[in-house]
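> Here you go, one structure.
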Amino acid sequence: MAVVTQEVINQLEALMEEVDESLDKTFKNVHQGYPHETFTRFLKAREGNAQKAHKMLVDCLEWRVQNDIDNMLAKPIVPEELYRGIRDSQLVGLSGYSNEGLPVFAVGVGLSTFDRASVHYYVQSHIQMNEYRDRVILPAATKKYGKHISKCIKILDMTGLKLSALNQIKLLTIISSIDDLSYPEKTQTYYIVNAPYIFSACWRVRLTSAIVVKPLLQERTRGKIDVLSSCGEDDLLKIMDYSSLPHFCRKRSSGSSKYSEANCYSLDHPFHRQLYNYVKQQFLLSQPSQPVKQGSVHVTLPEDADKEVIAETLESELKKFKDLGVASSK
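Shown next as structure tokens:
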């Protein structure tokens, strides 16, 4: 990864002084009082090139303005039964914090079905969690731990991983493109746990056929991935307390009832309940006399997102994985 010097940060800062007022306004929501740290994120995403980082950042800000991302946290998904269905099928949640104060997000890659709502609802939910993380969770962690915290840790659970993931290529590529182009360098490390043997073997020998994850990630992101043995409890306890482990990482877990508080995916978990209530409150503050109406938010892909190429690559990789699985079973 490129080393970002103060000189190149100053170059990007000078370029950004030329942006118009609407982009400058949304940039404040992006940097949350830490513009130089944000410049560094985008510079790292573009190998320390100020011109390329400037284009990437401007594209991100224009995408935010065009899709009204600044107000995404004032657009609740209603009724609650619909949102509960999304939480049951888009398995993401905050399980706790690392010893360094980084939020720990659990992602159920293998068991997410994305079959309870339209693509637009899932994209809306994903962006809302990104915005809530960046505008609420990370600032709160910064205050609590007395140091600037701008990244999180993600633990990807591969339990139940099947080739039916092919059915969700469109959604996976949209989410991946949004994260890569508009929220770069927000994750310090991706830990993969409960991975099928064939996945772990392919990844460790760096074969291109390591299924769902590798084709969706940029090269700079792949270097942050650590495939852990089994549920990963022993390794993860070196960087976080037991209470912050997701339920699927606990050897001594007595099971993960769908709506237990230990299951951070559930709408009944404090994180999701707080997020859901926060979005409803923001809506009432912005439109106090208007009833909340059902309807998803349609978000366009950021600039430079070639979803067809990504989808074709992913489908090809999954085909290789299937062939390897068949071969290994003989």
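Position 301, counted from 1, in the sequence shown is what UniProt numbering calls 301; the numbers after and before it change by one each time, with no gaps.
We put the CB at the ideal spot given by N, CA and C, even for glycine.
#1: Should the segment 239 to 247 be regarded as contacting the segment 97 to 116, the criterion being three or more beta carbon pairs within less than 8 Å?
#2: Less than 8 Å between the beta carbons of V37 and S182, yes or no?
#3: Quick test of the definition: if touching needs 3 or more C-beta pairs under 8 Å, does the segment 113 to 131 touch the segment 84 to 93?
#4: How far does the beta strand (DSSP E) with A106 in it reach, from first residue to last?
#5: My understanding is that I155 touches A106, with C-beta atoms under 8 Å, so please give their C-beta distance in whole angstroms.
#6: For the beta strand (DSSP E) containing C231, name the first residue and the last one.
#7: Ends of the beta strand (DSSP E) at I154?
#8: Could you check what DSSP says for residue 336 in three-state terms: helix, strand or coil?
#9: Less than 6 Å between C-beta atoms, sequence neighbours within five positions excluded: which residues of the same chain meet that for A74?
#10: Taking a contact to mean a Cβ-Cβ separation below 8 Å, would you say V279 touches P35 in this structure?
#11: Roughly how many angstroms separate the alpha carbons of Y145 and L138, rounded to a whole number?
#12: Exposed or buried, what is T40 when buried is set at 16 or more other beta-carbons lying within 10 Å of its beta-carbon?
#13: Pick from P79, F27, N49 and H247: whose alpha carbon is nearest that of D68?
#14: Check the C-beta distance from D157 over to F248 and give it rounded, since I have them as a contact under 8 Å.
#15: So what's E13 in DSSP terms, helix, strand or just coil?
#16: How big is the Cα-Cα spacing for V297 and P79?
#17: Name the DSSP bridge partner or partners of G96?
#18: Distance check for T173 and V119, CA to CA, integer angstroms please.
#19: Using alpha carbons as the reference points, say which of Y191, N71, E233 and D59 lies closest to D20.
#20: Between which two residues does the beta strand (DSSP E) carrying T189 extend?
#21: Relative to the alpha-carbon of D234, which residue among A45, V136 and V193 has its alpha-carbon at the smallest distance?
#22: Take G48 and list the residues in its own chain whose beta-carbon comes closer than 8 Å to its own, dropping the five residues that flank it on each side.
#23: Among L23, G33, S22 and Q51, which one has its Cα closest to the Cα of residue 332?
#24: Cβ atoms of I225 and residue 344: under 8 Å apart, would you say?
#25: Within 10 Å of its beta-carbon, does E18 have 16 or more other beta-carbons around it, so buried, or fewer, so exposed?
#26: Comparing C-alpha positions only, which one of L61, S229 and K251 sits nearest to D24?
#27: Taking a contact to mean a Cβ-Cβ separation below 8 Å, would you say C231 touches K251 in this structure?
#28: Check for me: the beta strand (DSSP E) holding I225 runs from which residue to which?
#29: Apart from the five residues just before and just after R135, which ones in its own chain have a Cβ nearer than 8 Å to its Cβ?
#30: So, at 6 Å on beta carbons, what are the nonlocal neighbours of K162 in its own chain, with the 5 sequence-adjacent residues on each side left out?
#31: Taking just the CA atoms, how far does V299 sit from K258?
#32: Sort S125, Y122, L91 and V123 by Cα distance to V109 and report the nearest one.
Short version:
#1: Yes: the two stretches touch, three or more of their Cβ pairs being nearer than 8 Å.
#2: Inspection of the sequence shows that residue 37 is occupied by Glu rather than by Val. Going by C-beta atoms, E37 is not nearer than 8 Å to S182.
#3: yes
#4: P103 to G108
#5: With a Cβ gap of about 5 Å, I155 and A106 count as contacting.
#6: Element bounds for C231: n/a, residue is neither H nor E.
#7: Sequence inspection shows Lys at residue 154; the Ile mentioned does not correspond to that position. Per DSSP, the unbroken beta strand (DSSP E) holding K154 starts and ends at C152 to D157.
#8: The requested residue 336 is not part of the displayed model; the chain covers only 1 to 330.
#9: Only Q282, F283 and S286 meet the Cβ criterion.
#10: no
#11: 10 Å
#12: The residue in question, T40, is buried, as its Cβ has 16 or more Cβ neighbours within 10 Å.
#13: Among P79, F27, N49 and H247, the Cα nearest to that of D68 is on F27.
#14: 5 Å
#15: helix
#16: A direct Cα-Cα distance of roughly 14 Å separates V297 from P79.
#17: V104
#18: 11 Å
#19: D59
#20: T187 to V193
#21: V193
#22: A2, V3, V4, T5 and V8
#23: Past the edges of the chain, shown from 1 to 330, lies residue 332, and the structure says nothing about it.
#24: Within the shown structure, residues of the chain are numbered from 1 to 330, placing residue 344 beyond reach of any answer.
#25: E18 comes out exposed.
#26: L61
#27: yes
#28: I225 to V227
#29: Counting only residues of its own chain and dropping the five nearest sequence neighbours on each side, R135 has a CB closer than 8 Å to the CB of N29, Q32 and L73.
#30: Contacts found: none.
#31: Confidence at K258 is low in this model, with a pLDDT of 40, below 50, so its placement is unreliable and no value can be given for it.
#32: Measuring from the Cα of V109, the nearest candidate turns out to be L91.
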